[in-house]
């Protein structure tokens, strides 16, 4: 079973891009919805050093807080396609 965790915000187009790739690849993941306010995103800031989403955690590949949707999609394609 996958240990992927995705920090996301509903309605975020960058998050939707990553979710689409996860679904396309048939990957299970834990979704962690972040607050709308950047100042309240303490958990995502702790893991990634910033407050933007999406952020991926993939312990199997030593990823403990990857930001940027394009980077996340490339990572998923490289390791799970």
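Numbering (this note's numbering), first residue to last: 1470 to 1550. For glycine and all other residues, C-beta sits at the position ideal for the given N, C-alpha and C.
Straight-line Cα distance separating residue j from residue i
{"i": "residue 1511", "j": "residue 1550", "result": "32 angstroms"}
{"i": "residue 1528", "j": "residue 1474", "result": "9 angstroms"}
{"i": "residue 1483", "j": "residue 1538", "result": "6 angstroms"}
{"i": "residue 1540", "j": "residue 1479", "result": "20 angstroms"}
{"i": "residue 1493", "j": "residue 1509", "result": "31 angstroms"}
Sequence-distant residues of the same chain with beta carbon closer than 7 angstroms to residue i, five excluded per side
{"i": "residue 1476", "result": "1501, 1503, 1513, 1522, 1523, 1524"}
{"i": "residue 1495", "result": "none"}
{"i": "residue 1548", "result": "1530"}
{"i": "residue 1536", "result": "1517, 1519, 1521, 1524"}
{"i": "residue 1533", "result": "1516, 1526"}
First and last residue of the uninterrupted alpha helix (DSSP H) at residue i
{"i": "residue 1489", "result": "1482-1493"}
Supposed close pair residue i, residue j - CB separation, criterion 8 angstroms
{"i": "residue 1545", "j": "residue 1486", "result": "11 angstroms between Cβ atoms; not a contact."}
Residues that DSSP places opposite residue i in a beta bridge
{"i": "residue 1549", "result": "According to DSSP, which records beta bridges pairwise, residue 1549 is partnered with nothing at all."}
{"i": "residue 1525", "result": "1475, 1535"}
{"i": "residue 1501", "result": "1476"}
For residue i, the first and last residue of its enclosing beta strand (DSSP E)
{"i": "residue 1517", "result": "Run containing residue 1517: none in the beta strand (DSSP E); it sits in the alpha helix (DSSP H), 1511-1517."}
Nonlocal neighbours in the same chain, by C-beta distance under 8 angstroms from residue i, ignoring five residues either side
{"i": "residue 1505", "result": "1478"}
{"i": "residue 1481", "result": "1522, 1523"}
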